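Residue numbers (our numbering): 582 to 785. Glycine included, each C-beta is placed from N, C-alpha and C at the ideal position. Because the structure is a prediction, the values reported are computed rather than measured. Notes to accompany the following structure.
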């Protein structure tokens with residue numbers, strides 16, 4: 582099996598605060614980010630070593646050195662929801678249920694096929710699931726998440742139950758195609774991306 586070291590800002594953090602995300606900071610409309618479709622696949626079959634390193638439905642171990650392991654192994658910690666080549670900022674967004682993102686460097690010993698570079702959208706096999714709505718983490722902001730103002734024109738996610746470092750100020754109640762479709766009670770517009778890129782948030 583292949584072994585890769587997680588690098589940069591996408592280093593795995595399996596703590597309650599989750600991993601550093603592709604776009605942990607969401608901005609009011611005009612910023613960048615966006616959820617894709619949910620690609621979670623439930624499979625108990627061995628993870629196809631040597632075909633694609635951490636391909637869809639494969640599982641990884643935990644820690645700074647990430648290995649592909651059987652999803653039935655006691656070492657398995659997270660499952661791949663989606664796998665894309667290229668840079669995360671240029672490729673498709675991860676599914677909304679993604680807990681964290683792994684950056685995978687292109688490499689491979691001369692006697693083995695090279696592993697294509699890219700990124701894998703991961704979901705923990707067990708709680709916590711920071712990517713779930715209201716949990717205060719994950720790479721995407723989705724309906725049900727709470728945010729607070731971190732600086733002018735920018736908001737960050739935080740746990741809706743107040744267990745995060747900062748209390749919630751707004752909760753995203755719905756997602757629409759444009760601002761004019763948000764309810765009249767909307768206090769803040771949050772950039773979500775995708776087909777419904779505007780999040781309608783109310784003060785909590």
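Reduced DSSP secondary structure (H/G/I, E/B, other) of residue i
| i | result |
| --- | --- |
| residue 814 | Outside the shown range of the chain (582 to 785) lies residue 814, about which nothing can therefore be said. |
| residue 740 | coil |
| residue 678 | coil |
| residue 780 | strand |
| residue 756 | strand |
| residue 722 | coil |
| residue 638 | coil |
| residue 600 | Residue confidence for residue 600 is low, a pLDDT of 35 falling below 50, so the modelled location carries little weight; the figure read from the coordinates is stated next. Note: residue 600 maps to coil in three-state DSSP. |
| residue 699 | strand |
| residue 643 | coil |
Bridge partners - residue i, DSSP secondary structure assignment
| i | result |
| --- | --- |
| residue 772 | 779 |
| residue 735 | 732 |
Where the beta strand (DSSP E) through residue i begins and ends
| i | result |
| --- | --- |
| residue 732 | 727-732 |
| residue 707 | First-last for residue 707: undefined, no H or E at that position. |
| residue 859 | Outside the modelled stretch of the chain, which goes from 582 to 785, sits residue 859, for which no answer is possible. |
| residue 747 | Element bounds for residue 747: n/a, residue is neither H nor E. |
| residue 649 | 646-650 |
CB contact flag (residue i, residue j, <7 Å)
| i | j | result |
| --- | --- | --- |
| residue 728 | residue 700 | no |
| residue 659 | residue 641 | yes |
| residue 784 | residue 768 | yes |
| residue 782 | residue 757 | no |
| residue 791 | residue 680 | This structure leaves residue 791 out entirely; the chain is present only between 582 and 785. |
| residue 740 | residue 719 | no |
| residue 639 | residue 655 | no |
| residue 770 | residue 760 | yes |
| residue 672 | residue 685 | no |
| residue 652 | residue 675 | no |
Chain C contact for residue i (CB, 7 Å cutoff)
| i | result |
| --- | --- |
| residue 663 | Reference to chain C is not applicable here, since this structure consists of a single protein chain. |
| field | Segment contact, 8 Å Cβ cut-off, at least three pairs: the stretch 734-741 with the stretch 698-710 | value | no
| task | Tell me, please, whether the stretch 653-666 touches the stretch 724-734 by the rule of three or more beta-carbon pairs shorter than 8 Å. | result | no
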